[in-house]
Amino acid sequence: MLRCLLPLLFTVSLAACDAGGPDSATEPEDEVIASEPAPSASLSGPEAYDLVCAGCHDEGLNGAPRIGDREAWSGRSWLWEAVLFEHAQSGFFAMPAKGGDESVDDVTVSKAAEYMLTQTFPEALTD
């Protein structure tokens, strides 16, 4: 009896998995389309600065050191480039992370920060 029951159960199981019906569990999912890279990923330093930093650093809002103002940027650590990149990405005091736009990638934030440094200290070497 068990010999007949197992093939019967197997056949019933296969019939239940029929892919022909509209309620089929094997129906393909909606096609997943790869998202486009973030538009910020290909920005130049000046474009990244305009997107992420200019809102505060052009006018010195909330105590932000103005771009090009060497005195406002003085007194920083010798490791200040790495520290600046970290602060720009993570936020620091009144400065929000990534200029307040979490969709901006870290590379863009770093490009913006490096641009600010080269505009303020054109003679400085950057990484």
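Each number in this note's numbering corresponds to the 1-based position in the sequence shown with 34 added. Glycine included, every Cβ here is placed at the ideal spot set by N, Cα and C.
E105 and H121 have their C-alpha atoms spaced approximately 19 Å apart. For L151, the enclosing alpha helix (DSSP H) has its first and last residue at D140 to T154. Annotated three-state conformation of F127 is coil, per DSSP. With a threshold of 16 other beta carbon atoms within 10 Å, S144 meets it and is buried.
Of all alpha-carbon atoms in Y149, G89, D92 and H91, the one lying nearest the alpha-carbon of L77 is that of Y149.
Rounded to whole angstroms, the separation of the alpha carbons of A82 and D135 is 12 Å. Annotated as proximal: T154 and W107, with beta-carbon spacing under 8 Å. Our two residues, C87 and G133, have alpha carbons roughly 6 Å apart in a direct line. Inter-residue distance for A158 and T152 is about 7 Å (C-alpha atoms, whole angstroms). The C-alpha of L85 lies about 27 Å from the C-alpha of G109.
The Cβ atoms of D140 and Q123 sit closer than 8 Å to each other.
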